[in-house]
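A.B. asks: Residue numbers (full-length UniProt numbering): 1 to 992.
Backbone N, C-alpha and C fix where the C-beta goes; we use that ideal spot for every residue, glycine too.
All values reported here derive from a predicted model rather than from experimental measurement.
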Amino acid sequence: MMMMMRSYSNAAAHHHRCAAATRWALRLLFISCVFTKLMAFSPSTHQHHHQIISSLYSKSSLTIFDDIDTVHLQDLPITGILDSVKESMQTKPNLLLEAAPGAGKTTIIPLFVSSPLSSSSSSNNNKVIVVEPRRVATRSAAQRMSSLIQQPVGESIGYAIRGESRQSSKTQVLVMTDGVLLNMLRKDPELRGYNTVILDEFHERGVNGDVALALLREVQMNYRPDLNIIVMSATLLGGVDGEMDDSTNESAGAKLLRVLGGKENCNILRSDGRQYPITIKYAADDRTGPFLSVLRRDTKLLVNTMSDAIEDGLSKAPNRGDILAFLPGAKEIRRVVNEIKSRAAFRDVDVFPLFGTMPKSDQDDAIYKGDSARRRVIVSSPIAEASLTIDGVTCVIDSGLQRQPKYDVNTGLPHLITVSCSKDSVIQRAGRAGRQSEGYCIRLFPEIDFNKLQQHAVPEIMSTDLVPTALLLSEWGCTSANEILNDMPFVDSPPDDALKTAYNMLVDLGALEAYKVPNTRKRRYRVTNHGRDVVKMATHPRFATAIIRSGGQQAQLVSAVIAAALMDGDELPRNGRETNLSVSIRNILKEGSSSFVGKRLLNFASRINEDARSAVSNALSSSDIGIDEVTTGTALLPGFIDLIAKRKGDASYGGSRYELSLGQSARLDDRRDSSDYILVIDTTTGDDGKTRIRSYVDIESSTLRDVSSEVDEVYVVESKGYEVRARKTTKVGSLVLSSMPLPSPSAEQVTELLLDTIDNIGGVTALLSMQSKKNVQEISELRQRIRFATELSDMEWPPCFSSLDATEKGEGSLEDDDIMTSLLEPWLAGAGSLKSLDILSILSTQLNVEQQRYLDTYFSIKIEAPDASLVPITYSENGPVASAKLQLFFGCTESPMVGEPGRSIPVTLSLLSPAGKELAKTIDLPFFWKEVYPNVRAEMRGRYPKHPWPEDPSNATATRLTKKQQQAKVPDDGDQKVDKRKEKSKRRKTKK
Numbered sequence: 001m002m003m004m005m006r007s008y009s010n011a012a013a014h015h016h017r018c019a020a021a022t023r024w025a026l027r028l029l030f031i032s033c034v035f036t037k038l039m040a041f042s043p044s045t046h047q048h049h050h051q052i053i054s055s056l057y058s059k060s061s062l063t064i065f066d067d068i069d070t071v072h073l074q075d076l077p078i079t080g081i082l083d084s085v086k087e088s089m090q091t092k093p094n095l096l097l098e099a100a101p102g103a104g105k106t107t108i109i110p111l112f113v114s115s116p117l118s119s120s121s122s123s124n125n126n127k128v129i130v131v132e133p134r135r136v137a138t139r140s141a142a143q144r145m146s147s148l149i150q151q152p153v154g155e156s157i158g159y160a161i162r163g164e165s166r167q168s169s170k171t172q173v174l175v176m177t178d179g180v181l182l183n184m185l186r187k188d189p190e191l192r193g194y195n196t197v198i199l200d201e202f203h204e205r206g207v208n209g210d211v212a213l214a215l216l217r218e219v220q221m222n223y224r225p226d227l228n229i230i231v232m233s234a235t236l237l238g239g240v241d242g243e244m245d246d247s248t249n250e251s252a253g254a255k256l257l258r259v260l261g262g263k264e265n266c267n268i269l270r271s272d273g274r275q276y277p278i279t280i281k282y283a284a285d286d287r288t289g290p291f292l293s294v295l296r297r298d299t300k301l302l303v304n305t306m307s308d309a310i311e312d313g314l315s316k317a318p319n320r321g322d323i324l325a326f327l328p329g330a331k332e333i334r335r336v337v338n339e340i341k342s343r344a345a346f347r348d349v350d351v352f353p354l355f356g357t358m359p360k361s362d363q364d365d366a367i368y369k370g371d372s373a374r375r376r377v378i379v380s381s382p383i384a385e386a387s388l389t390i391d392g393v394t395c396v397i398d399s400g401l402q403r404q405p406k407y408d409v410n411t412g413l414p415h416l417i418t419v420s421c422s423k424d425s426v427i428q429r430a431g432r433a434g435r436q437s438e439g440y441c442i443r444l445f446p447e448i449d450f451n452k453l454q455q456h457a458v459p460e461i462m463s464t465d466l467v468p469t470a471l472l473l474s475e476w477g478c479t480s481a482n483e484i485l486n487d488m489p490f491v492d493s494p495p496d497d498a499l500k501t502a503y504n505m506l507v508d509l510g511a512l513e514a515y516k517v518p519n520t521r522k523r524r525y526r527v528t529n530h531g532r533d534v535v536k537m538a539t540h541p542r543f544a545t546a547i548i549r550s551g552g553q554q555a556q557l558v559s560a561v562i563a564a565a566l567m568d569g570d571e572l573p574r575n576g577r578e579t580n581l582s583v584s585i586r587n588i589l590k591e592g593s594s595s596f597v598g599k600r601l602l603n604f605a606s607r608i609n610e611d612a613r614s615a616v617s618n619a620l621s622s623s624d625i626g627i628d629e630v631t632t633g634t635a636l637l638p639g640f641i642d643l644i645a646k647r648k649g650d651a652s653y654g655g656s657r658y659e660l661s662l663g664q665s666a667r668l669d670d671r672r673d674s675s676d677y678i679l680v681i682d683t684t685t686g687d688d689g690k691t692r693i694r695s696y697v698d699i700e701s702s703t704l705r706d707v708s709s710e711v712d713e714v715y716v717v718e719s720k721g722y723e724v725r726a727r728k729t730t731k732v733g734s735l736v737l738s739s740m741p742l743p744s745p746s747a748e749q750v751t752e753l754l755l756d757t758i759d760n761i762g763g764v765t766a767l768l769s770m771q772s773k774k775n776v777q778e779i780s781e782l783r784q785r786i787r788f789a790t791e792l793s794d795m796e797w798p799p800c801f802s803s804l805d806a807t808e809k810g811e812g813s814l815e816d817d818d819i820m821t822s823l824l825e826p827w828l829a830g831a832g833s834l835k836s837l838d839i840l841s842i843l844s845t846q847l848n849v850e851q852q853r854y855l856d857t858y859f860s861i862k863i864e865a866p867d868a869s870l871v872p873i874t875y876s877e878n879g880p881v882a883s884a885k886l887q888l889f890f891g892c893t894e895s896p897m898v899g900e901p902g903r904s905i906p907v908t909l910s911l912l913s914p915a916g917k918e919l920a921k922t923i924d925l926p927f928f929w930k931e932v933y934p935n936v937r938a939e940m941r942g943r944y945p946k947h948p949w950p951e952d953p954s955n956a957t958a959t960r961l962t963k964k965q966q967q968a969k970v971p972d973d974g975d976q977k978v979d980k981r982k983e984k985s986k987r988r989k990t991k992k
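1) Is the beta carbon of W929 sitting closer than 8 Å to the one on P948?
2) With which residues is V898 paired in a DSSP beta bridge?
3) Kindly confirm or deny that the stretch 431–448 and the stretch 355–365 touch, where touching means at least three C-beta pairs closer than 8 Å.
4) I need the straight-line Cα distance from A884 to N775, nearest angstrom please.
5) Less than 8 Å between the CB atoms is what I'm expecting for L97 and I230, so what's the real figure, rounded?
6) Where DSSP assigns a beta bridge to C266, which residues make up the other side?
7) Mind checking which residues open and close the beta strand (DSSP E) that includes S876?
8) Measure the C-alpha to C-alpha separation of G733 and K500 and round it to an integer number of angstroms.
9) Give the secondary structure of V491 by DSSP, where H, G and I count as helix, E and B as strand, and everything else as coil.
10) Quick one: what's L735 bridged to in DSSP?
11) Just how far apart, CA to CA, sit G400 and T389?
12) Could you tell me if T106 is buried or exposed, where buried requires 16 or more neighbouring beta carbons within 10 angstroms of its beta carbon?
13) Tell me which residue opens and which closes the beta strand (DSSP E) that L324 is part of.
14) Taking contact to mean 3 or more Cβ pairs, one atom from each stretch, closer than 8 Å, check whether the stretch 855–867 and the stretch 887–900 are in contact.
15) Can we say the stretch 435–443 touches the stretch 451–462, given the rule of at least three CB pairs closer than 8 Å?
16) Using a Cβ-Cβ cut-off of 6 Å (strictly less than) and excluding sequence neighbours within five positions of A789, which residues of its own chain qualify?
17) If I measure Cβ to Cβ from P866 and keep anything under 6 Å in the same chain, skipping five residues before and after, which residues do I get?
18) Is the beta carbon of Y677 closer than 8 Å to that of L660?
19) Name the one or two DSSP bridge partners that Y194 has.
20) How about V396: is its Cβ closer than 7 Å to a heavy atom in the ligand NAP?
21) Can you check whether the CB of S140 is closer than 8 Å to the CB of G154?
22) With DSSP as the reference, please indicate the residues paired to residue 1080 in a beta bridge.
23) When you compare only the Cα positions, how much space is there between I268 and N486?
24) Taking just the CA atoms, how far does D365 sit from S593?
25) Could you check if N94 is buried or exposed, using at least 16 other CB atoms within 10 Å of its CB as the buried criterion?
26) Between D816, V426, R403, D424, which has its C-alpha nearest H415's C-alpha?
27) Nearest-angstrom Cα distance between V472 and G179?
28) In the DSSP assignment, what are the bridge partners of K862?
29) I need the straight-line Cα distance from N504 to V534, nearest angstrom please.
30) Buried or exposed for Q47, going by 16 or more other Cβ atoms inside 10 Å?
31) Is it buried or exposed, A544, if we count other Cβ atoms within 10 angstroms and call 16 or more buried?
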């Protein structure tokens with residue numbers, strides 16, 4: 001698991017010791033903060049405060065304390081728990097801190113933790129990493145902390161985001177995004193030089209945040225027991241003190257506490273927030289407003305409704321304060337900004353958009369008020385929901401919507417879809433209106449919609465694309481999906497199917513390669529050189545592969561543009577319903593570098609690498625773009641080689657039908673003269689539930705032939721019971737351009753492929769459903785007989801039976817898997833397919849002669865009735881059962897048993913009526929004859945008068961005959977039934 005951590009270079013990280021001046025300044029800051037708060041209570045506290053300050057000055061000649069601004073800290077609720085934070089860090093390595101919005105946790109806790117007074121460490125090194133989920137929040141938190149200690153950003157307080165960093169050798173607190181932390185862990189897993197990592201706003205549950213916590217815990221448990229981890233959240237800890245079992249109802253807080261080592265290793269602290277009263281107004285209170293589901297589908301309605309609500313908010317905002325409006329993404333934000341700027345009511349109001357992909361200067365204009373006295377409207381994405389402090393806001397307008405990544409099973413790419421927020425999110429948004437005074441919040445949806453919202457956000461790791469995550473964890477040292485699921489300390493483990501799909505895609509892209517552990521069949525994965533290059537790039541592995549392997553500026557340009565458009569969630573500019581990406585790219589580049597979309601592309605490309613930014617910049621400023629279908633297709637092919645679709649014919653009502661490489665059918669609506677082959681970049685699901693191609697690029701047949709390869713392969717035909725066949729194919733990725741059958745594959749090939757197939761379909765237990773109905777029953781009974789024999793005897797039984805039981809229950813170990821593999825392996829080559837395997841015979845052959853004789857003797861499949869006929873026994877987990885007509889057991893005075901004498905168990909007798917219906921069940925036949933039979937006889941003798949119902953059944957003669965047959969002395973030949981046809985023939989001859 002920790003392979004990469006053990007092998008990284010010691011030179012990868014530097015231990016920057018903070019200057020003594022900075023340490024003492026921070027120490028003075030927090031002593032001052034705490035005691036300024038306490039001075040209001042007693043003169044003795046005031047005197048004690050000055051004694052400590054004098055003591056500190058005696059150890060330092062610094063004067064920075066004179067410049068510290070403590071006025072803003074005096075009424076922050078978080079200062080009330082700083083002593084508890086200090087005590088916690090001196091006793092346990094981890095801390096779970098729940099603090100309501102406005103408490104001051106984002107700025108005060110990092111500064112306090114960086115003070116030597118807060119730590120039990122004997123070292124002077126108290127450097128702190130603060131992790132924020134968003135780039136904007138990262139810069140804002142660093143700016144806020146720096147302003148409190150009256151220093152510029154980059155000295156004691158620094159920050160690092162992709163493509164931008166402000167820090168120095170003096171930096172004591174480094175704020176960064178979760179993506180930067182993951183990259184830092186890649187290079188220096190021990191995080192040498194840092195004593196504490198703080199994960200802020202963890203309730204957002206982004207996939208990078210969850211992965212970062214899992215890696216930090218691995219580092220802490222294996223290499224850095226001295227590393228402190230603080231997880232801070234506004235709303236996450238509900239139920240954290242409850243039972244911490246593995247039930248599906250375990251709260252997020254309880255799971256988080258478990259990951260942090262339980263209460264033995266993690267303290268829990270809570271702080272109130274600073275919140276003024278907020279008036280909540282639902283836009284649909286008068287039954288005229290739209291429902292959330294309608295706003296989510298109708299962008300035009302959302303824009304108009306939001307614009308009207310913002311205009312209403314101008315008159316409703318307390319103290320004529322500023323307005324903060326929340327929309328799901330940049331597309332809606334731009335439209336609302338344009339709409340309200342055109343209205344007369346906003347003539348004297350400054351309107352600012354705010355979202356993640358804006359240039360930094362534009363974001364700062366929206367966040368920081370400046371000296372202007374004009375009112376402001378900030379139309380923001382969810383990035384302003386937490387961590388950011390936007391002064392002057394007293395009114396919030398909430399759409400109740402957000403973007404959420406969703407994995408597209410057709411393309412293997414994430415989509416950002418619009419969904420309803422959680423209650424936690426909606427409440428936190430409203431809280432932004434009451435940070436500095438009483439506030440007002442308008443929700444664009446009815447209260448009934450609010451009541452239906454789920455309480456907490458669904459963790460992103462449960463629904464998003466896991467390809468980047470799987471690659472990162474593979475470089476970390478994980479070698480399989482099972483290793484990630486079973487060994488990594490996740491709060492919520494990623495879905496098994498999504499992880500395995502991610503591994504398969506990374507193999508297709510050449511970022512991972514599969515190998516087998518010597519002397520086992522276990523398949524593992526390792527990162528290739530190409531994969532190590534991919535993981536360094538801040539874009540999806542598909543686009544990274546396209547950029548790396550295509551080469552040249554044009555390829556980087558095309559890949560960067562499409563990556564920016566698709567990964568940021570907004571659509572490319574299109575002419576009407578244009579879906580051809582080469583056309584869309586030309587449209588977007590014609591916008592120029594000064595346009596909104598041009599700035600957005602440059603911003604995104606700069607996160608990939610400098611070459612990508614240079615390529616995009618040149619294209620945006622060039623009149624001769626030179627992008628055509630051939631260029632686009634060639635550039636993207638390496639990253640989308642598994643998404644080549646083949647045309648299958650015309651679609652109804654226009655368009656074309658394509659078959660995707662995974663076998664699904666998809667429709668391209670825009671034309672019928674489209675190419676035979678296309679690369680599918682994006683899909684959507686139509687109202688009819690069918691897949692539609694949303695973005696594509698044509699691929700020429702000659703291009704495919706140039707990159708194709710001929711391979712001899714063995715494969716299974718599922719429709720033929722997973723029969724193994726061989727063929728020679730010409731392939732591009734998973735697309736077969738041509739094939740021809742080959743002679744039967746070798747025994748080794750058949751065995752290897754069928755073993756892999758068994759793993760893929762769910763293991764050995766999946767084979768049982770392929771057996772005939774009769775075999776399934778006999779297999780079940782054989783296994784149950786051996787279970788009883790195991791419990792009731794000292795005889796050893798083949799381990800394959802217990803391994804099969806454990807595997808079927810989902811409790812199988814690696815040893816159980818190996819046992820089942822060894823059981824099946826000798827039979828596979830001869831069978832040729834999974835359906836042809838005779839599992840009953842395979843299991844039976846594992847029994848030696850002695851074991852088989854023991855089963856036949858003590859756990860027989862039949863018992864002998866008093867009339868010498870044989871009655872079958874069925875074995876189930878409830879015990880052995882023999883079903884027969886009641887008359888067959890007349891004269892039987894003991895209940896039948898199975899097992900050795902003295903260790904046997906009774907056979908349940910299911911006693912049937914002459915019509916075959918169950919009359920009673922018993923394991924105590926004498927009791928039945930004496931206590932139950934008289935009532936049965938009284939009821940049945942009138943219903944079945946032709947059959948014997950003696951008063952004393954225990955002394956009667958067992959029979960299967962009617963009274964008339966007995967009187968005619970028809971011979972009872974035991975197991976032989978009366979031949980009714982012969983009897984009828986005899987009667988006919990007598991009449992003649």
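C.D. replies: Straight from the coordinates:
1) No, the pair does not count as a contact, with Cβ atoms beyond the cut-off.
2) Its beta-bridge partners are I905.
3) These segments do not touch.
4) When rounded, the separation of the alpha-carbon atoms in A884 and N775 is 23 Å.
5) About 6 Å separates the two Cβ atoms, so the contact holds.
6) In the DSSP output, where bridge partners are listed per residue, C266 has N94.
7) Unbroken beta strand (DSSP E) run through S876: 870–876.
8) If I take the Cα positions, the gap works out to 18 Å.
9) Reduced to three states, the DSSP call for V491 is coil.
10) As DSSP reads the structure, L735 sits in a beta bridge with V732.
11) Distance from the CA atom of G400 to the CA atom of T389, rounded to whole angstroms, is 20 Å.
12) By the C-beta density criterion, T106 is buried, having at least 16 other C-beta atoms within 10 angstroms.
13) First-last of the beta strand (DSSP E) with L324: 322–326.
14) Yes, the stretch 855–867 touches the stretch 887–900.
15) Not touching, per the Cβ criterion.
16) These residues qualify, in order along the chain: F859.
17) The answer, listed in chain order, is G891, C892, A958.
18) For L660 and Y677, no; Cβs fall outside 8 Å.
19) In the DSSP output, where bridge partners are listed per residue, Y194 has none listed.
20) In terms of ligand content, the structure shown is empty, and the ligand NAP therefore cannot be addressed.
21) Taking 8 Å as the cut-off, the beta carbon of G154 is found no closer than this to the beta carbon of S140.
22) Nothing about residue 1080 can be reported from this structure: the residues present for the chain run from 1 to 992 only.
23) Their Cα atoms are separated by approximately 26 Å.
24) Answer to the nearest angstrom: the Cα atoms are 20 Å apart.
25) Counting the other CB atoms within 10 Å of its CB gives N94 a total of 16 or more, which places it among the buried residues.
26) Nearest to H415 by C-alpha distance, out of D816, V426, R403, D424, is R403.
27) Before going further, note that residue 472 is Leu rather than Val in the sequence given. Taking the straight line joining both Cα atoms gives about 11 Å.
28) The beta-bridge partner set that DSSP reports for K862 consists of P872.
29) Note on geometry: alpha-carbon atoms of N504 and V534 lie some 16 Å from one another.
30) In this predicted model, Q47 has a pLDDT of only 43, less than 50, meaning its place in the structure is not dependable; the value taken from the coordinates is given anyway. Taking all protein chains shown into account, Q47 has fewer than 16 neighbouring C-beta atoms within 10 Å of its C-beta and is therefore exposed.
31) A544 is buried by the Cβ-count criterion.
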